[in-house]
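**Student:** If you scroll down you'll find the structure; I have some questions about it.
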Amino acid sequence: MFRPSLLSLIGLQLAGLLAPQSLPMAVQAARNGLCPIPGPVLPAPKAPSSRPAAAVVAAGAKELLDGSIHEDGYMLEYHRTPPVLDPRGVQQVDGKSVYRIASVTKVFAVLAVLLLDGVSLDDPITKYFPEFEKLNEQPEVKDELTLVDWDEITLGALASHLAGIKADFSSDLSTYKSFDPDVYGLPPRGNSSLPWCSGFLGVRECTVDDFLQLFGDNWPALAPFTTPVYSNNGAAILGLVVSKVSGKSFEAFVQEKILDPLNMKHTFATKPDDKLGVISVEDTMWAADMGFTGPSGAYYASTDDLIALADGILSNKLLSPAKTRKWLKPWATTASSGTMVGAPWEIYLARNVTSDQRTVEVYTKNGGLLTYSSYVVLVPDYDLVFTILATGPTAELPYLGTQVILSTLVQALMPALEASSRDEAAPRYAGVYRDEATNSTVSIALAADDLGPGLNLTGWVVRGKDVMAAFVEPLDLTPPPADVPPPPPQLLTATARLYPTNLKNEKRESWKGVIGVGSAEQLAQLDALLAWEQGSCGTWGSIDRPAYQMRAVDQFIFGLGEDGAAVSVELPSFKVTLKKEGAAVPPKFRR
Numbered sequence: 032m033f034r035p036s037l038l039s040l041i042g043l044q045l046a047g048l049l050a051p052q053s054l055p056m057a058v059q060a061a062r063n064g065l066c067p068i069p070g071p072v073l074p075a076p077k078a079p080s081s082r083p084a085a086a087v088v089a090a091g092a093k094e095l096l097d098g099s100i101h102e103d104g105y106m107l108e109y110h111r112t113p114p115v116l117d118p119r120g121v122q123q124v125d126g127k128s129v130y131r132i133a134s135v136t137k138v139f140a141v142l143a144v145l146l147l148d149g150v151s152l153d154d155p156i157t158k159y160f161p162e163f164e165k166l167n168e169q170p171e172v173k174d175e176l177t178l179v180d181w182d183e184i185t186l187g188a189l190a191s192h193l194a195g196i197k198a199d200f201s202s203d204l205s206t207y208k209s210f211d212p213d214v215y216g217l218p219p220r221g222n223s224s225l226p227w228c229s230g231f232l233g234v235r236e237c238t239v240d241d242f243l244q245l246f247g248d249n250w251p252a253l254a255p256f257t258t259p260v261y262s263n264n265g266a267a268i269l270g271l272v273v274s275k276v277s278g279k280s281f282e283a284f285v286q287e288k289i290l291d292p293l294n295m296k297h298t299f300a301t302k303p304d305d306k307l308g309v310i311s312v313e314d315t316m317w318a319a320d321m322g323f324t325g326p327s328g329a330y331y332a333s334t335d336d337l338i339a340l341a342d343g344i345l346s347n348k349l350l351s352p353a354k355t356r357k358w359l360k361p362w363a364t365t366a367s368s369g370t371m372v373g374a375p376w377e378i379y380l381a382r383n384v385t386s387d388q389r390t391v392e393v394y395t396k397n398g399g400l401l402t403y404s405s406y407v408v409l410v411p412d413y414d415l416v417f418t419i420l421a422t423g424p425t426a427e428l429p430y431l432g433t434q435v436i437l438s439t440l441v442q443a444l445m446p447a448l449e450a451s452s453r454d455e456a457a458p459r460y461a462g463v464y465r466d467e468a469t470n471s472t473v474s475i476a477l478a479a480d481d482l483g484p485g486l487n488l489t490g491w492v493v494r495g496k497d498v499m500a501a502f503v504e505p506l507d508l509t510p511p512p513a514d515v516p517p518p519p520p521q522l523l524t525a526t527a528r529l530y531p532t533n534l535k536n537e538k539r540e541s542w543k544g545v546i547g548v549g550s551a552e553q554l555a556q557l558d559a560l561l562a563w564e565q566g567s568c569g570t571w572g573s574i575d576r577p578a579y580q581m582r583a584v585d586q587f588i589f590g591l592g593e594d595g596a597a598v599s600v601e602l603p604s605f606k607v608t609l610k611k612e613g614a615a616v617p618p619k620f621r622r
């Protein structure tokens, strides 16, 4: 049995049997029950700074730095110099001033692995270090609870905190002589073998030898791939892989493959000259040496350089577009419905920050090192990057402080960037497209009061037939079961939106049409029947499904003029090309 939008039609039939007030409204995937394709719903704005909405936000935001990868300058740049700084460092903060970036360093570790030839994140760590199996000789008790299953731990597990191994040496309180175990009811240290290394608070840094000699006595936190458990040792081990495969030190490889290509001249693996740094009074972390765990959090960088890094990632300057898209994906969920984990990203799911109320994925890597706090942020949907670097006495710099700044920026900027996207997209795509020879018309709108995602397909007539109206009825390839009544005709409503696909060149762009069947109220009633949110939103399972003569019915190919604006739309399955009214059609290109 084949029916277009089968999930939507089944949902409509169920919803039609419900009394309007019988169930509460459920959370929707987007405003008015629309179910967009995940990702950007319009091309990212090329010049958001020039748009009124973004200009207003930039004028009012005074605590953050951000930018679009399509613009040479920053939309906003702000640096605050406190009244008193450590005299060793800078006395006037700017974009080249250097901070410790702590765990933002993990981005270098994972990116370095991705840049290694012949290395896959699916490779087990024992492919490169079979000697790790010997670590399991160290525990006194040897069973499933105490031994790490190294053969099952992949490089991807280490990158995404899914390895289940001990987080780091520095979190072992027995390392610090100032710690009194009796206060917490813990036994005396005794003469047991202890790491006595961390790199913090006057304790020497840990070495690779320390890891090989002592790490095996750390029991695993969880079995591999159970759930994310934050791990500094994961990135440290990735650093060892980079060094072994490349034949260079981790720091030299990062310098050659990442820092130099991106012209990051104010990023350092070890402490730079003090006069370059932003060093707060009462600082304890500026000079801390992290030793073996350096790839997890040792680097120093400026705001300018971290913008260059984020821009380099989204602009595909180091990886191919496909590899970048693969990298910017979640690996695991967390107990928070608003946070997922990538490699090594913390991915925040921002809901209700745009007028269409869809979910926007915010890819971040945060870092904290007592007196330093940092964020590098990428929003692929809008080609937006920004960074937050801060330092100050520990009591004045809680982690949530920079997270609140991040959230404030996202809430302020997303509506403005969405408005900029719409401002740029409306003249490029909106309009009426006709082919008189076949009596075909496609109407695309992007009105100011249309709060839905993507382009609004308001009319779709081919050879005199209303295609959108046909989508609300099941195809009669096989008759429906006799005991299933058809939905009442008055309930059969359809909406259609167009979304970009990342398939494009200078002359053509491929978009996908998503047909939504049923009203927002009907879909909400269906969602209320389900134990999971947004169950009626099944777009991902219906894209590209209806086809005719090996061409998808939902494909729309825009022909572009020299200025990048659409001048025609081709419907491959219908074998029709329609000219935009008021535009000259470019030469026909071969497919």
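One rule links them: number in the numbering used here = place in the sequence shown (from 1) + 31. For glycine and all other residues, C-beta sits at the position ideal for the given N, C-alpha and C. If you're wondering where the values come from, they're calculated on a predicted model, not measured in any experiment.
Short of 7 Å in beta carbon distance, which residues of its chain neighbour isoleucine 268, apart from the five on each side in sequence? Order them along the chain.
**Tutor:** Within the same chain, isoleucine 268 has close Cβ partners Ile156, Leu189.
**Student:** Based on DSSP bridge pairs, tell me the residues matched to aspartate 466.
**Tutor:** Answer is Ser471.
**Student:** What does a CB cutoff of less than 7 Å around lysine 606 pick up in its chain, not counting 5 residues either side in sequence?
**Tutor:** There are no such residues.
**Student:** Could you compute how far the alpha carbon of aspartate 514 sits from the alpha carbon of serine 386?
**Tutor:** Rounded to the nearest angstrom, the two C-alpha atoms are 42 Å apart.
**Student:** Which partner residues of methionine 371 appear in the DSSP bridge assignment?
**Tutor:** Methionine 371 is bridged to Thr364, Ile378.
**Student:** According to the neighbour-count rule (16 or more other Cβ atoms, all chains shown, within 10 Å of its Cβ), is threonine 395 buried or exposed?
**Tutor:** Looking at its Cβ environment, which holds 16 or more other Cβ atoms inside 10 Å, threonine 395 is buried.
**Student:** Hey, how far is the Cα of leucine 142 from the Cα of alanine 551?
**Tutor:** Approximately 42 Å, taken between the alpha carbons.
**Student:** Going by C-alpha distance, which of Glu564, Leu529, Ala562 is nearest glycine 70?
**Tutor:** If we check each option's Cα against that of glycine 70, Leu529 comes out closest.
**Student:** If you drop the 5 nearest sequence neighbours on each side, which residues of the same chain put their C-beta closer than 6 Å to that of isoleucine 378?
**Tutor:** Only Pro361, Met371, Glu392, Tyr394 meet the Cβ criterion.
**Student:** Exposed or buried, which one is tryptophan 376 when buried takes at least 16 other CB atoms within 10 Å?
**Tutor:** Classification for tryptophan 376: buried.
**Student:** Counting only the same chain and skipping the five closest in sequence on each side, list residues whose C-beta sits under 7 Å from that of phenylalanine 231.
**Tutor:** Closer than 7 Å at Cβ, skipping near neighbours: Ser201, Ala319.
**Student:** Does the segment 192-201 come close enough to the segment 256-263 that 3 or more CB-CB pairs lie under 8 Å?
**Tutor:** Touching, per the Cβ criterion.
**Student:** With the cut-off set at 8 Å, would you say leucine 65 and threonine 526 are in Cβ contact?
**Tutor:** Against a cut-off of 8 Å, the Cβ pair of threonine 526 and leucine 65 comes out as a contact.
**Student:** Would you call glutamine 442 buried or exposed, if buried means 16 or more other Cβ atoms sit within 10 Å of its Cβ?
**Tutor:** Its Cβ having fewer than 16 others within 10 Å, glutamine 442 is exposed.
**Student:** Roughly how many whole angstroms lie between the Cα atoms of alanine 300 and alanine 283?
**Tutor:** Rounded to the nearest angstrom, the two C-alpha atoms are 9 Å apart.
**Student:** Lysine 158: buried (16+ other C-beta within 10 angstroms of its C-beta) or exposed?
**Tutor:** By the neighbour-count rule (16 or more Cβ atoms within 10 Å), lysine 158 is not buried but exposed.
**Student:** Relative to the C-alpha of tyrosine 464, which residue among Phe587, Pro424, Asp480, Asp203 is closest?
**Tutor:** Out of Phe587, Pro424, Asp480, Asp203, Phe587 has the C-alpha closest to the C-alpha of tyrosine 464.
**Student:** Between lysine 296 and threonine 315, what straight-line distance do the alpha-carbon atoms span, to the nearest angstrom?
**Tutor:** Their backbone Cα atoms lie some 25 Å apart in a straight line.
**Student:** In terms of residues, what are the limits of the alpha helix (DSSP H) holding tryptophan 542?
**Tutor:** Where tryptophan 542 is concerned, there is no enclosing alpha helix (DSSP H), although the beta strand (DSSP E) it sits in stretches over 539-548.
**Student:** Under 8 Å by Cβ, that's how I've got threonine 422 and threonine 402 pegged, so tell me the actual separation to the nearest angstrom.
**Tutor:** Between threonine 402 and threonine 422 the Cβ distance is about 6 Å, and since that is below 8 Å, they are a contact.
**Student:** How would you label alanine 332, buried or exposed, when you count the other beta carbons within 10 angstroms and need 16 or more for buried?
**Tutor:** Counting Cβ neighbours within 10 Å, alanine 332 comes out buried, since at least 16 surround it.
**Student:** Which residues share a DSSP beta bridge with lysine 279?
**Tutor:** Note: lysine 279 sits in no beta bridge, so no partner.
**Student:** What does the alpha-carbon distance come out to for the pair threonine 532 and glycine 592?
**Tutor:** Computed Cα separation, rounded: 19 Å.
**Student:** DSSP puts arginine 582 in a beta bridge; with which residues?
**Tutor:** According to DSSP, arginine 582 bridges with Tyr579.
**Student:** Work out the CA separation of glycine 187 and asparagine 487 for me, nearest whole Å.
**Tutor:** Whole-angstrom Cα-Cα distance: 40 Å.
**Student:** Output the distance between the C-alpha atoms of glycine 399 and serine 351, rounded to the nearest integer angstrom.
**Tutor:** Straight-line Cα distance between these residues: approximately 30 Å.
**Student:** Please state whether DSSP places glutamate 392 in a helix, a strand or coil.
**Tutor:** Strand at glutamate 392.
**Student:** Is threonine 355 buried or exposed, if buried means 16 or more other CB atoms sit within 10 Å of its CB?
**Tutor:** When all chains shown are included, threonine 355 counts as buried.
**Student:** Once DSSP output is grouped into helix, strand and coil, what is the label at threonine 532?
**Tutor:** Of the three classes helix, strand and coil, the one that applies to threonine 532 here is strand, per DSSP.
**Student:** Which stretch, first to last residue, makes up the alpha helix (DSSP H) that contains lysine 137?
**Tutor:** 136-145 is the span of the alpha helix (DSSP H), which, as asked, contains lysine 137.
**Student:** Among residues of its own chain, excluding the 5 on either side of proline 67, which ones have a beta-carbon nearer than 8 Å to its beta-carbon?
**Tutor:** Closer than 8 Å at the Cβ level, and outside the excluded window around proline 67, lie Ala60, Ala61, Asp387, Arg389, Pro484, Gly485, Arg528, Tyr530, Val545, Thr570.
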